[in-house]
Every structure is written in C-alpha cells, then in structure tokens.
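Report on the structure given below.
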Amino acid sequence: EFANIVLGFPNLEGYLNCLVYIGSTVGRYANRIAEGKFKLDGKEYTLPRNDNTCTLHGGNSGFNKKIWAATQKDSQTVVFQCESKHMEEGFPGNLKVEVTYRLTDMNQLIIDFQATTDQATIINMTNHSYFNLHGAGIGDVLDHQVMIDADQYIPVDSNLIPTGELKNVDDTPFDFRKFHSISDRVKEAGGGYDHNFCLNNPGDSDSLKAEIRASGRRLRVFTTQPGLQVFTSHIFHLFGSEYPYNDFAGLTLETQDFPDSINQPGFPNDTILRTEKDYAERVIYDFNPAE
C-alpha cells in the first residue's frame with residue numbers, strides 16, 4: 103500500500119509562508135550560527151538574526167525562499183540551480199548552487215548538493231523534509247523506531263546553540279545505536295528532539311547512518327556529511343493554528359556539518375568554501391518495506 107510519507111502543502115503559498123522549513127532545501131548555512139556572526143580570514147561578518155539571537159538556516163531569505171531553475175536531465179533526474187549574490191543575507195562571495203535529485207530503480211532518492219564561489223565563504227546545505235512513515239497527516243511519529251549510528255551528540259543551550267561539547271550518548275536519551283521509539287525517552291530529552299548527532303564513519307556514504315521504521319515501511323539514510331539533525335516537530339503548536347499538522351507530525355533527518363561549527367573551535371569544520379574547491383555533499387534516502 104502506497105502513501106505520501108513527507109509533510110507538505112497543497113500550494114506554493116504554504117511553502118513560502120512556512121516557518122518550519124517543510125520540504126525545503128536549506129542554505130547557505132543550515133542550522134544555527136550563534137549571535138548571527140562569524141569570522142573568516144580575519145574579517146567579521148554580521149548576519150540577520152531570525153531565530154532569537156542567532157541566524158537559522160541562512161537568514162530571513164535563505165535558499166528555502168529562492169525560485170530555482172529546474173532542468174529534467176532524464177526520466178529519473180531533475181537538476182535545480184540558483185545563485186546567491188555576494189553579501190546576500192550577509193554571506194560573502196557569489197555562490198552558484200546546484201542540487202540534483204535522482205530516483206533509482208532501487209527505491210532510493212539521491213540528493214547531490216554542489217556549489218562554487220568566487221571568494222571565500224561558508225556553506226552548509228541540507229534537505230529539510232519531515233517524514234512520517236504512517237503517511238503525512240496520519241497519527242504522529244512517537245511510535246517510529248529509530249536507529250542512529252552515532253556515539254556522540256551535541257548538547258545545546260536554551261536557544262539551541264551548541265555548548266561546544268561533543269558528548270557521548272552512553273546512558274542518555276540520545277543513544278539510538280539500537281532501535282528505540284521516539285516516545286521511549288522523549289521526556290528525558292526535554293519533550294522532544296532537536297539535536298545534532300555526530301555520525302560514525304563520516305564521509306563514508308556507503309555505511310548506514312540512520313534508519314526509521316513504522317507501518318511496515320523502512321527509511322534508511324546514507325550520507326557524506328558528518329552530522330544528522332533530528333527534529334521531532336514537537337513545537338508546531340507555537341506557529342499558529344493555520345498549520346495543517348500537529349506536534350510530532352513528522353521528524354527530520356537533516357544531514358549536515360555540525361551546527362555553528364564556524365564559531366566552535368572544538369568542532370570539525372568543513373564549511374569554509376574557497377575558489378579552488380567545489381562544495382559537494384550527498385544524502386541518500388532509501389525507501390523499502392521493513393524486514
């Protein structure tokens with residue numbers, strides 16, 4: 103039996119007005135940048151603060167608000183392109199961006215993020231789909247079984263900014279190395295998850311990074327990126343009654359570099375892009391019946 107397992111809207115207006123990035127491609131910089139500023143090559147850049155004191159998902163007009171040029175490459179591949187001008191949302195460099203979506207005969211959706219710049223900048227892209235394996239709008243994800251191959255996660259403060267620590271998941275509600283349902287320990291996690299998991303074997307897109315199961319369906323995640331942000335949509339009620347979805351309606355599996363890594367000297371940081379290098383990251387969502 104088929105079902106639509108990603109949250110969405112019936113029209114463009116819903117996506118443009120959405121404050122929780124449903125179905126978006128996120129950039130230039132996914133997740134949060136503390137205090138809306140960063141230093142690059144000795145110069146400080148100031149960004150719009152669109153989430154309390156920080157910059158979230160690229161600012162007020164990130165990639166989620168752009169109109170992309172679309173080209174159908176073949177019957178299973180679509181390429182989206184856009185440009186981000188120098189100092190757009192405060193980020194330096196003219197950036198050319200390409201995102202390729204490819205469906206395979208093995209029930210995989212492969213997303214390739216690519217970008218080039220004409221001067222040093224920072225970039226951290228992700229896909230912000232919300233998944234519900236029961237079907238969009240059917241029940242919630244609290245009973246979803248989740249596995250994440252991560253020995254560490256990133257603790258955050260009250261504004262969801264990383265504290266700078268990489269903490270072991272042992273004996274915490276963030277240990278998903280074996281399957282657990284979201285509901286098992288969600289209260290211990292503060293009522294919901296909105297955290298980055300530090301994936302084992304970063305850069306190896308052949309190793310399984312995460313898996314969720316529900317309703318006889320299975321979604322597996324493979325990626326070249328080192329982090330996975332899991333957000334359980336537990337605060338949808340804060341964004342108004344016009345939203346068609348309730349709390350815990352879906353969960354994100356946002357592959358990314360670590361949040362605020364440009365400002366965190368203790369974090370691995372691969373978000374600086376220079377002219378001599380191309381940005382290239384991949385995520386694979388593998389859909390199949392649960393075994």
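Just so you know, we're using the working numbering here: the sequence shown kicks off at 103 and counts up by one.
We put the CB at the ideal spot given by N, CA and C, even for glycine.
Values in this document were obtained by computation on a predicted structure and should not be read as measured data.
DSSP places Ser-363 within a helical segment (H, G or I) once states are collapsed to three. In the displayed model, Glu-115 falls within a helix according to three-state DSSP. At least 8 Å separates the beta-carbon of Cys-120 from that of Ile-135. Counting of Cβ neighbours within 10 angstroms places Gly-342 among the exposed residues, the total staying below 16. Around the Cβ of Glu-191, a 10 Å sphere holds 16 or more other Cβ atoms; the residue is buried. Taking all protein chains shown into account, Glu-185 has fewer than 16 neighbouring C-beta atoms within 10 Å of its C-beta and is therefore exposed.
Assignment of beta-bridge partners to Leu-205 by DSSP yields Leu-211. Going by beta carbons, Phe-350 and Leu-244 fall inside the 8 Å limit. The C-beta of Phe-299 has 16 or more other C-beta atoms within 10 Å across all chains shown, which makes the residue buried. For Met-227, the number of other beta carbons within 10 angstroms of its own is at least 16, and it is reported as buried. Judged by pairs of C-beta atoms under 8 Å, the region 311-329 touches the region 382-392, as three or more such pairs exist. Here the region 131-147 makes contact with the region 156-166; the two share three or more CB pairs at distances below 8 Å.
Closest in alpha carbon position to Ile-213, among Pro-370, Glu-356, Ile-364, Tyr-147, is Glu-356.
Taking Val-271 as reference, the option from Tyr-123, Leu-301, Asp-259 with the minimal CA-CA separation is Leu-301. Contact check for Asp-362 against Pro-328 fails: the beta carbons are separated by 8 Å or more.
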